[in-house]
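Structure, as structure tokens:
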Amino acid sequence: MSVFLGNAMYARFADCDPLQTNHVQRDDQLVPYFVLQTARHISGLPGLFTAGILSACLSSFSSSLNSVACIIYEDFLLPFLPKDMTDQRASNILKSIVVMFGILCILLVYLIENVNGIFPLSNVLQAVTCGPIMGLFTLGMLFPSANAEGALAGGIAGLAFACWVVIGTNWYRMSGLLRDPKKPMSLSGCQFNSTAIVTPSPTSDQIFYLYRISMWYNSLMSAIIVIVFGLLISWLTGRKNKPIRTELLSPLVRSLIKGEKKTELDEERKLQDGH
Numbered sequence: 223m224s225v226f227l228g229n230a231m232y233a234r235f236a237d238c239d240p241l242q243t244n245h246v247q248r249d250d251q252l253v254p255y256f257v258l259q260t261a262r263h264i265s266g267l268p269g270l271f272t273a274g275i276l277s278a279c280l281s282s283f284s285s286s287l288n289s290v291a292c293i294i295y296e297d298f299l300l301p302f303l304p305k306d307m308t309d310q311r312a313s314n315i316l317k318s319i320v321v322m323f324g325i326l327c328i329l330l331v332y333l334i335e336n337v338n339g340i341f342p343l344s345n346v347l348q349a350v351t352c353g354p355i356m357g358l359f360t361l362g363m364l365f366p367s368a369n370a371e372g373a374l375a376g377g378i379a380g381l382a383f384a385c386w387v388v389i390g391t392n393w394y395r396m397s398g399l400l401r402d403p404k405k406p407m408s409l410s411g412c413q414f415n416s417t418a419i420v421t422p423s424p425t426s427d428q429i430f431y432l433y434r435i436s437m438w439y440n441s442l443m444s445a446i447i448v449i450v451f452g453l454l455i456s457w458l459t460g461r462k463n464k465p466i467r468t469e470l471l472s473p474l475v476r477s478l479i480k481g482e483k484k485t486e487l488d489e490e491r492k493l494q495d496g497h
């Protein structure tokens, strides 16, 4: 659906870019503008489209708020609450958490305005969180020599690297020194005469290379940092933990272990199962 909508908008605005004509000021305003231009002759359809978009967003948003409230209550607040607490009081606490996070999400709208839309912000959060998590899972499944100290150090290093790259990149973007190149658009199909003033884009050659890499590589780079630092710290500290269970490793790694060597814990479990 998104691909179809994008192709339809490009076919409609290829010869008259709304951004260059100042009909819209941001990329995320193109979809509402496209609906208004194509369906304005049908009474009520643009409003119905807007209501549908808002309803879909609120439906997902309400489920997310309820999930966050339950997780915070169950994992962080419940151990400190009295055992004889009533259901009504628990319900009031959950509602308060929902209201608090709802207000926080509303305040994040001002942050979205500074990062040029919600799509870059979602990629920022994905790079900071998903990259280190993927690195930790990969480190644990594919490298039997990794230990707890290596996983902790690698996770911290990957998270710090992701935050550094994301903060630096967005600082240059908000200051106007770093801009993503866009596909060429035309004004030849517009129904008016205009004079376009072309301003040269600021050069980004002097910006640090990691800040100029596409945001799609942030998660991959942070995951690699987790694995590299995790293996290095594991090698320096040595194995101090209990023997790992081979079923926790990837099947490919288990098949590559020389002679299908079993850990001491696996042998003990086999003996216990035999008895």
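In my numbering, the protein residues as written are 223 to 497. Note that beta-carbon positions come from the ideal geometry of N, C-alpha and C, so glycine has one too. In this text, all values refer to a predicted model and were calculated from it rather than measured experimentally.
- Taking a contact as a CB-CB distance under 8 Å, the pair N440 and A384 counts as one, their CB atoms being some 6 Å apart.
- Annotated three-state conformation of S367 is coil, per DSSP.
- The C-alpha of F365 lies about 17 Å from the C-alpha of G380.
- In the three-state reduction of the DSSP assignment, F430 falls in the coil class, being assigned neither a helical nor a strand state.
- In the DSSP assignment, G452 falls within the alpha helix (DSSP H) that extends over N440 to T459.
- Going by C-alpha positions, V246 is about 6 Å away from P240.
- Contact between G372 and S456 is confirmed by a C-beta separation of about 3 Å, below the 8 Å threshold.
- A Cβ-Cβ contact shorter than 7 Å links Y394 with I429.
- By the Cβ neighbour-count rule, F235 is buried, with 16 or more other Cβ atoms within 10 Å of its own.
- Classified as exposed, T308 has fewer than 16 neighbouring CB atoms from the shown chains inside 10 Å of its CB.
- Fewer than three pairs of CB atoms, one per stretch, sit closer than 8 Å, so the segment 349–359 makes no contact with the segment 302–322.
- Between S313 and the set G228, E296 and M407, the nearest pair of CA atoms involves E296.
- Counting the other Cβ atoms within 10 Å of the Cβ of N288 gives fewer than 16, which makes it exposed.
- The beta carbons of M231 and L258 sit no closer together than 7 Å.
- With distances taken between CA atoms, S472 lies nearest to L361 out of L361, F298 and L442.
- When only Cα atoms are considered, I315 and P301 end up about 14 Å apart.
- Under the three-state reduction of DSSP output, A236 falls in the coil class, being neither helix nor strand.
- In the three-state DSSP reduction, G274 falls in the helix class (H, G or I).
- Under the three-state reduction of DSSP, D306 is assigned to coil, being neither helix nor strand.
- For Q259, the enclosing alpha helix (DSSP H) has its first and last residue at L252 to A261.
- Closest by C-alpha distance to M363, out of P354, N229 and V475, is V475.
- Going by DSSP, P473 is part of the alpha helix (DSSP H) stretching over P473 to L478.
- Remark: C-beta atoms of P354 and G390 do not approach each other more closely than 7 Å.
- A direct Cα-Cα distance of roughly 33 Å separates Q413 from L399.
- The three-state reading of DSSP puts M223 in coil, since its state is none of H, G, I, E or B.
- In the three-state reduction of the DSSP assignment, C412 falls in the coil class, being assigned neither a helical nor a strand state.
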